[in-house]
Amino acid sequence: DHHDRDDDHHHNLRLIDLVRPVEALGARVIALQIDCFHTQLQQFVKILSKRPLGDLQLADRHKVCREAVIGALEIPRKLLQAWAGPPKLMPGPVRRSVAGKFLDILCRVLIRGIFQAEDISLECARRLTNLLCDVIAVVEGTYTADVDGRQEESLQGYVQNYSRVKEVVLLLDEDQTLSSVANDVNERRCYVSLRPSEISGMVKAIWRESEKREALLKLLQMQQARPT
Numbered sequence: 014d015h016h017d018r019d020d021d022h023h024h025n026l027r028l029i030d031l032v033r034p035v036e037a038l039g040a041r042v043i044a045l046q047i048d049c050f051h052t053q054l055q056q057f058v059k060i061l062s063k064r065p066l067g068d069l070q071l072a073d074r075h076k077v078c079r080e081a082v083i084g085a086l087e088i089p090r091k092l093l094q095a096w097a098g099p100p101k102l103m104p105g106p107v108r109r110s111v112a113g114k115f116l117d118i119l120c121r122v123l124i125r126g127i128f129q130a131e132d133i134s135l136e137c138a139r140r141l142t143n144l145l146c147d148v149i150a151v152v153e154g155t156y157t158a159d160v161d162g163r164q165e166e167s168l169q170g171y172v173q174n175y176s177r178v179k180e181v182v183l184l185l186d187e188d189q190t191l192s193s194v195a196n197d198v199n200e201r202r203c204y205v206s207l208r209p210s211e212i213s214g215m216v217k218a219i220w221r222e223s224e225k226r227e228a229l230l231k232l233l234q235m236q237q238a239r240p241t
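In this note's numbering, the protein residues as written are 14 to 241.
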């Protein structure tokens with residue numbers, strides 16, 4: 014009986030000794046998966062970064078960019094699906110954090126491409142809005158509301174540029190006017206995440222020269238000069 018207990022003891026030790034190598038192997042597999050997903054994302058980023066996103070009124074350009082955004086949005090879904098098994102190697106918060114970084118890269122690339130545009134037509138603005146709304150829908154679908162309902166704070170923690178994307182969508186809205194933007198800027202509401210210089214660039218790209226546009230640009234310039 015004594016020997017049997019010793020055999021059981023050694024058998025248990027051997028099983029325990031296997032845990033660390035398995036965990037290390039799991040970590041390497043996860044690292045390889047992340048690298049693979051990142052390589053895929055960079056391919057889509059390259060397409061979207063080829064030139065400013067002010068020409069989506071062109072059917073071919075819109076098709077290419079839309080396919081790139083759809084492909085990029087698939088990556089976090091695949092990533093979360095691939096790690097949906099036992100939580101020990103990749104706990105839920107870590108999975109969501111990694112997925113959030115991938116989504117944030119896409120948000121940042123799209124915003125930068127819009128800021129670089131010197132001219133944004135009405136049709137281009139509509140198509141950009143649709144693309145950004147697709148991104149927002151995936152972000153909001155990935156990070157469901159917390160128990161206390163503070164979804165916005167939770168989303169911002171995972172995808173830093175989430176609020177910036179929403180503010181860009183607000184500026185691109187075809188019902189938006191120079192007067193309404195000026196009111197929102199003057200009262201310091203709606204545009205909290207975007208810098209005045211970024212709003213100015215979009216105003217110049219969306220609206221033609223006019224007295225109202227000039228007044229709004231001066232207001233934004235004054236806000237830019239104010240100490241934070």
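The beta carbon of each residue, even a glycine, is placed where N, CA and C say it ideally should be.
- Put simply, the backbone Cα of R139 is about 10 Å away from that of C146.
- Rounded to the nearest whole angstrom, the C-alpha separation of K225 and N199 is 14 Å.
- Nearest to V58 by alpha-carbon distance, out of I88, R202 and T190, is I88.
- Following the DSSP letters along the chain, one finds I212 inside the alpha helix (DSSP H) bounded by residues P209 to I219.
- Counting only the Cα atoms, F115 lies some 8 Å from A85.
- Rounded to whole angstroms, V182 and R121 show a C-alpha spacing of 14 Å.
- Note on geometry: alpha-carbon atoms of L191 and T155 lie some 34 Å from one another.
- Just so you know, the alpha carbons of Y171 and D188 end up roughly 30 Å apart.
- Separation of L207 and P104 (C-alpha to C-alpha, rounded to the nearest whole angstrom) is 33 Å.
- In the three-state reduction of the DSSP assignment, M103 falls in the coil class, being assigned neither a helical nor a strand state.
- I118 is not a Cβ neighbour of L45, given a cutoff of 8 Å.
- K217 and L66 have their C-alpha atoms roughly 15 Å apart.
- Secondary structure at V82: helix, using DSSP grouped into helix, strand and coil.
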